[in-house]
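Protein chains in written order, with the working numbering: chain V, 9 to 117; chain C, 5 to 585.
Glycine included, every Cβ here is placed at the ideal spot set by N, Cα and C.
Please read all numbers here as calculations on a predicted model, not as lab measurements.
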Amino acid sequence: MDANGPAHDDGSDSSPMYELRLYLAGHSPKSVRAVENLRRTCEEYLPGRYRIELVDLLENPQLARGDEIIAVPTLVRKLPEPVRKIIGDLSDTEKLLVGLQLRSAGGRQ
Amino acid sequence: MAATIHPPRTAPSTRSALVKAPTGIRGFDELTGGGLPHGRATLVTGGPGSCKTLFGLEFLVRGAEEFDEPGVLLAFEESATDLTENVASLGFDLAGLEADGRLVIDAVRIDASEIVTTGEFDLDGLFIRLAAAVQSVGARRVVLDTIEVLFGALGDEAIVRNEFSRLLRWLKDHELTTVITGERGPEGQLTRFGIEEYASDCVLVLDHRMRDEIATRRLRVVKYRGSAHGTNEYPFLVTDRGLRVWPITSTALTYAVSTERVSLGVPQLDEMLGGGVYRGSTVLITGTAGTGKTTLAASAVDAACARGESALFVSFEESPDQIIRNLRSVGIDLGRWVDDGLLRLWGERATAFGLEAHLSAIERLLEESEPAVAVLDAVGSLSNVGAEAEVTSAVVREVDMMKSRGVTAILTSLNHDAQRESSSVAVSSVVDTWLLLRNVESDGERNRLLFVMKSRGTAHSNQVREFLLTDHGAELLDVTVGARGVLTGSARLAQAAEERAAAADRSAELERRRLALERRTAEVDAQVAALHAQLATESAELDRLAAEETRGADARAADRERLARRRESGPADGRSEARDG
Chain V
9 MDANGPAHDD GSDSSPMYEL RLYLAGHSPK SVRAVENLRR TCEEYLPGRY
59 RIELVDLLEN PQLARGDEII AVPTLVRKLP EPVRKIIGDL SDTEKLLVGL
109 QLRSAGGRQ
Chain C
5 MAATIHPPRT APSTRSALVK APTGIRGFDE LTGGGLPHGR ATLVTGGPGS
55 CKTLFGLEFL VRGAEEFDEP GVLLAFEESA TDLTENVASL GFDLAGLEAD
105 GRLVIDAVRI DASEIVTTGE FDLDGLFIRL AAAVQSVGAR RVVLDTIEVL
155 FGALGDEAIV RNEFSRLLRW LKDHELTTVI TGERGPEGQL TRFGIEEYAS
205 DCVLVLDHRM RDEIATRRLR VVKYRGSAHG TNEYPFLVTD RGLRVWPITS
255 TALTYAVSTE RVSLGVPQLD EMLGGGVYRG STVLITGTAG TGKTTLAASA
305 VDAACARGES ALFVSFEESP DQIIRNLRSV GIDLGRWVDD GLLRLWGERA
355 TAFGLEAHLS AIERLLEESE PAVAVLDAVG SLSNVGAEAE VTSAVVREVD
405 MMKSRGVTAI LTSLNHDAQR ESSSVAVSSV VDTWLLLRNV ESDGERNRLL
455 FVMKSRGTAH SNQVREFLLT DHGAELLDVT VGARGVLTGS ARLAQAAEER
505 AAAADRSAEL ERRRLALERR TAEVDAQVAA LHAQLATESA ELDRLAAEET
555 RGADARAADR ERLARRRESG PADGRSEARD G
């Protein structure tokens, strides 16, 4: 689980690329908040090594089955593996970092 | 969420405003007066292995196959492959239905370990998937199995509850008949997360328990808003054709009755019953061990096959080959009817399965063979399988099954205590004709007696008959009543011999008397002839005398004339004339 290192692993050449996909349903306030929260967190913790793909399920409902999406917004960390899912508007940055495994659960504050 | 809204397919019933969607699950629709509430959600809850998933699946499969209502399964616990494989043995071809566009299985895999929640969310993802699936096949039925997984996996219970409630509203708005499965909660709670409060229309509880090492499944309708329903626990079973619920109360007394008599294969017995038993009626044959119950039942089967009717012989005690061999020894050849395809022999140890499995097997046999006459030998064997009350109810249901199909049923039952005339299974009240066989022991031998305990709608004989198993089948003999009561066996033969001897004596005497009478008649005839002869002689004498007298008179007249003529010739003639005057 700790292949990515505990935290703030930026700068190192061995640092993996983060491939993120955010599933949304239309442009609800939750969707907007989720996109904003994700972008902000990535800029702060993963500058230059993340890629975000937005999927609107209202436009592409068939894509929900592929990543087993039931809730929106859902952020899927496609890479690095293993796949992780973070459900919600991502307003709790600490939880988001834990979910992305940029910080271990119950670890340093 | 753009699923098209379909109009309800089922027309409202004339009696109730509540439209029902038939599940196609055998027995269940009967129990609920038509199935599940149409366009509403039904909660099916039960412990692990209680068949709630199977209930949902059969609801979908039957809907697609029999009621032209395509369906969607959202499976939260099993993969589509697992589900398909698990129900293939029940004859459900999920893959085929999916290929035909009548079913969508969307297995929703939720791995709580890879999910973190942060902040607000909703279940639009699920709604979108469901709506897309519903739209793709024009689904009318939805099964959510087991949606409670969401409560555990998504953490924020308040949101999940709210979303669940919204999902139910959405399903209702689209008039989708829905089955939601739920896991039984601890301490009498219907579900672990209390979702029964959302499913306000219909709640079913499935139960799976062990009793005497035999698994029994029960179904109970806890709630059914706006519909009458049975409140009992109903046994159900997983058969190779899906679920089978046994509604005890469906024993409605609405059989078509026949006035036609059918022979039980023993002419003397038919005579006792006023010409046989009514077609479609139920005959119970009870008796202690070795009284010939099976043989008597086999006679009826033999007679039915001889009439060209099909028959079913179910034995819980012997194998088919054994039955054929044993009955051949009393001159009943069932083998030829089996070869002719008229008779189906089925042997099965009653202990092998539970009562419901047994019922299901019988039902299947009845459906497949469509017999005119069916024998269950012996229903008492079922006592090994369940408690007495359950066995009785199972046998009543069997009687019901056969009556409703117009099958003339013959049940045999062993009673251990010869003195008690009760059957080991208390079903005598549901049978139409009850024949009691009994062994009587006297003069160092045991002989069989037959008695008609009852026969509804029939003026039946009140006589006890001796029941013989001969090398040409069963036979009934008039019993001989002697000084010590009913005589059977050698006592009867002895009595008969005595009677024959006495009769012989009597006939010899008669012959003697007849001869004596003949002799006497001859004598009398001779006397009469003699008298006639004498009379004739006397009559002839009289004639002769009369003739002589006539001649005498003539002679005297002639003398007088001569005399007169002489007197006219002389004076002396005058004197002689005066003397004559």
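**Request:** With DSSP as the reference, label Cys-55/C as helix, strand or coil.
**Result:** Residue 55/C sits at position 51 when you count from the first residue of the second sequence. In the structure shown, Cys-55/C adopts coil according to DSSP, grouped into three states.
**Prompt:** Does the Cβ of Met-276/C have 16 or more other Cβ atoms within 10 Å, making it buried, or fewer, making it exposed?
**Reply:** Counting from one through the second sequence, the residue named residue 276/C turns up at place 272. Using a 10 angstroms sphere on the CB of Met-276/C, the tally of other CB atoms reaches 16 or more, which defines it as buried.
**Through-space distance from Leu-107/C to Leu-98/C, alpha-carbon basis** = Here residue 98/C corresponds to residue number 94 of the second sequence, with the count starting at 1. Here residue 107/C corresponds to residue number 103 of the second sequence, with the count starting at 1. The straight-line gap from Cα to Cα measures roughly 7 Å.
**Asked** My guess is that Val-411/C and Val-456/C are in contact by the Cβ rule of under 8 Å, so how many angstroms apart are they, rounded?
**Response** Here residue 411/C is taken as the residue at index 407 of the second sequence, counted from 1. Here residue 456/C is taken as the residue at index 452 of the second sequence, counted from 1. About 21 Å; that fails the 8 Å criterion.
**Prompt:** Sorted by chain position, which residues of the same chain lie with C-beta nearer than 6 Å to Asp-586/C's C-beta, five sequence neighbours on each side aside?
**Reply:** The structure shown does not extend to residue 586/C, since chain C is modelled only from 5 through 585, so no value can be given for it.
**Asked** Is Met-25/V helix, strand or coil by DSSP?
**Response** Walking along the first sequence from the start, residue 25/V turns up at place 17. Correct three-state label for Met-25/V: coil.
**Asked** If contact means a Cβ-Cβ distance below 7 Å, which residues of the stretch 45-60 of chain V contact chain C?
**Response** When CB distances to chain C are screened at a threshold of 7 Å, not a single residue of the stretch 45-60 of chain V falls below it.
**Asked** Can you round the beta-carbon distance between Ala-478/C and Thr-299/C to whole angstroms, since I take them to be within the 8 Å contact cut?
**Response** The residue labelled residue 478/C in the question sits at position 474 within the second sequence. The residue labelled residue 299/C in the question sits at position 295 within the second sequence. Confirmed, Cβ separation roughly 5 Å.
**Opposing strand residues paired with Asn-451/C [DSSP bridges]** = The residue you call residue 451/C lines up with position 447 of the second sequence. Note: Asn-451/C sits in a beta bridge opposite Val-444/C.
**Prompt:** Three-state secondary structure (DSSP) at Arg-523/C?
**Reply:** Indexing the second sequence from 1 puts residue 523/C at position 519. Per DSSP, reduced to three states, the secondary structure at Arg-523/C is helical.
**Request:** Report the neighbours of Glu-67/V on chain B: residues whose CB is nearer than 7 Å to its CB, in chain order.
**Result:** Judged by its chain identifiers, the structure shown contains no chain B, and its protein chains are V and C.
**Request:** Please report the Cβ distance between Val-146/C and Phe-96/C, rounded to the nearest whole angstrom; I am assuming they are in contact, meaning their Cβ atoms lie under 8 Å.
**Result:** As a working mapping, residue 146/C is identified with position 142 in the second sequence. As a working mapping, residue 96/C is identified with position 92 in the second sequence. With a Cβ gap of about 17 Å, Val-146/C and Phe-96/C do not count as contacting.
**Residue-chain proximity (Leu-89/V, chain C), Cβ-Cβ < 8 Å** = In the first sequence, the residue the question calls residue 89/V occupies position 81. A small correction: the amino acid at residue 89/V is Glu; Leu does not occupy that position in the sequence shown. No - not a single Cβ of chain C is within 8 Å of the one on Glu-89/V.
**Asked** Since Tyr-238/C is in the beta strand (DSSP E), which residue starts that stretch and which ends it?
**Response** Translated into positions along the second sequence, residue 238/C becomes position 234. Its beta strand (DSSP E) spans residues 237-243.
**Message:** Measuring CB atoms only, is the stretch 44-62 of chain C touching the stretch 179-186 of chain C, in the sense that at least three cross pairs come out at less than 8 Å?
**Reply:** The stretch 44-62 of chain C, when compared against the stretch 179-186 of chain C, does touch it at the 8 Å Cβ threshold.
**Prompt:** Who does Val-226/C pair with in a DSSP beta bridge?
**Reply:** In the second sequence, residue 226/C corresponds to position 222, counting from 1. Residue pairing from DSSP leaves Val-226/C without any beta-bridge partner.
**Request:** Could you please give the first and the last residue of the uninterrupted alpha helix (DSSP H) stretch that includes Arg-332/C?
**Result:** Within the second sequence, the letter at position 328 stands for residue 332/C. Run containing Arg-332/C: 324-332, per the alpha helix (DSSP H) assignment.
**Request:** Go ahead and label His-42/C buried or exposed: buried means 16 or more other beta carbons lie within 10 angstroms of its beta carbon, across all protein chains shown.
**Result:** Numbered from 1 along the second sequence, position 38 holds the residue referred to as residue 42/C. Taking all protein chains shown into account, His-42/C has 16 or more neighbouring C-beta atoms within 10 Å of its C-beta and is therefore buried.
**Unbroken alpha helix (DSSP H) run spanning Phe-32/C, endpoints** = Residue 32/C sits at position 28 when you count from the first residue of the second sequence. From DSSP, the alpha helix (DSSP H) with Phe-32/C extends over 32-35.
**Asked** Does the separation of the CB atoms of Lys-86/V and Ile-119/C fall below 8 Å?
**Response** As a first step, residue 86/V must be located in the first sequence, where it is residue number 78. As a first step, residue 119/C must be located in the second sequence, where it is residue number 115. Taking 8 Å as the Cβ cut-off, Lys-86/V and Ile-119/C do not qualify as a contacting pair.
**Asked** Along chain V, which residues have their Cβ under 8 Å away from the Cβ of Ile-114/C?
**Response** The count along the second sequence starts at 1 and reaches residue 114/C at position 110. By Cβ distance, chain V contributes Glu-76 and Ile-78.
**Request:** Specify, as a first and last residue, the run of the alpha helix (DSSP H) that Tyr-53/V falls within.
**Result:** The sequence position of residue 53/V within the first sequence is 45, counting from 1. Looking at the DSSP string, the run of the alpha helix (DSSP H) that includes Tyr-53/V is 37-53.
**Item:** As assigned by DSSP and simplified to three states, the class of Arg-504/C
**Value:** The residue labelled residue 504/C in the question sits at position 500 within the second sequence. Annotated three-state conformation of Arg-504/C is helix, per DSSP.
**Backbone secondary structure at Leu-66/V - three-state DSSP** = The residue labelled residue 66/V in the question sits at position 58 within the first sequence. Here Leu-66/V sits in coil by DSSP.
**Message:** Suppose contacts are defined by Cβ-Cβ distances below 8 Å. Is Val-400/C in contact with Ala-413/C by that definition?
**Reply:** For the purposes of this step, residue 400/C is identified with residue 396 of the second sequence, where counting begins at 1. For the purposes of this step, residue 413/C is identified with residue 409 of the second sequence, where counting begins at 1. Contact: no.
**Request:** Kindly indicate which three-state DSSP category Leu-64/C falls into: helix, strand or coil?
**Result:** Along the second sequence, one-based indexing puts residue 64/C at 60. Helix.
**Prompt:** Does the stretch 120-135 of chain C come within contact of the stretch 75-83 of chain V, defined as at least 3 CB pairs closer than 8 Å?
**Reply:** Because the criterion of three Cβ pairs below 8 Å is met, the stretch 120-135 of chain C and the stretch 75-83 of chain V touch.
**Prompt:** Taking 8 Å as the CB-CB limit, is Glu-124/C close to chain V?
**Reply:** Sequence index remark: in the second sequence, residue 124/C carries index 120 (1-based). Yes, because at least one Cβ of chain V sits closer than 8 Å to the Cβ of Glu-124/C.
**Item:** Interface residues of chain V facing Leu-3/C [CB-CB closer than 7 Å]
**Value:** Missing from the structure shown is residue 3/C; chain C here goes from 5 to 585 and no further.
**Asked** From what residue to what residue does the alpha helix (DSSP H) around Glu-470/C run?
**Response** Locating residue 470/C in the second sequence gives position 466, where the first residue counts as 1. In the DSSP assignment, Glu-470/C falls outside any alpha helix (DSSP H) and lies within the beta strand (DSSP E) extending over 468-474.
**Prompt:** What residue from Ile-151/C, Thr-474/C and Thr-88/C has the CA that sits closest to Ala-103/C's CA?
**Reply:** In the second sequence, the residue the question calls residue 103/C occupies position 99. Looking at the Cα atoms, Thr-88/C is the closest of the given residues.
**Asked** What residue range is occupied by the uninterrupted beta strand (DSSP E) comprising Thr-182/C?
**Response** Counting from 1 along the second sequence, the entry for residue 182/C is found at position 178. From DSSP, the beta strand (DSSP E) with Thr-182/C extends over 181-187.
**Request:** Could you name the residues of the same chain whose beta carbon sits closer than 7 Å to that of Ser-285/C, not counting the 5 residues immediately before and after it, in chain order?
**Result:** One-based indexing of the second sequence puts residue 285/C at position 281. By the criterion of a C-beta distance shorter than 7 Å, Ser-285/C is surrounded in its chain by Thr-412, Asp-436 and Thr-437, once the five residues flanking it on both sides are discounted.
**Request:** Specify, as a first and last residue, the run of the beta strand (DSSP E) that Val-317/C falls within.
**Result:** Numbered from its first residue, the second sequence carries residue 317/C at position 313. A small fix is needed here, since residue 317/C is Phe in this sequence, not Val. Per DSSP, the continuous beta strand (DSSP E) segment holding Phe-317/C begins and ends at 315-319.
**Asked** What does DSSP give as the partner residues of Ser-417/C in its beta bridges?
**Response** Within the second sequence, the letter at position 413 stands for residue 417/C. DSSP, once it has assigned bridges, lists Thr-290/C as partnering Ser-417/C.
**Message:** Short of 8 Å in beta carbon distance, which residues of its chain neighbour Ile-163/C, apart from the five on each side in sequence? Order them along the chain.
**Reply:** To locate residue 163/C, count along the second sequence from 1; it is residue 159. Around Ile-163/C, the same chain offers Glu-124, Phe-125 and Asp-126 as residues with beta carbons nearer than 8 Å, after the five sequence neighbours per side are excluded.
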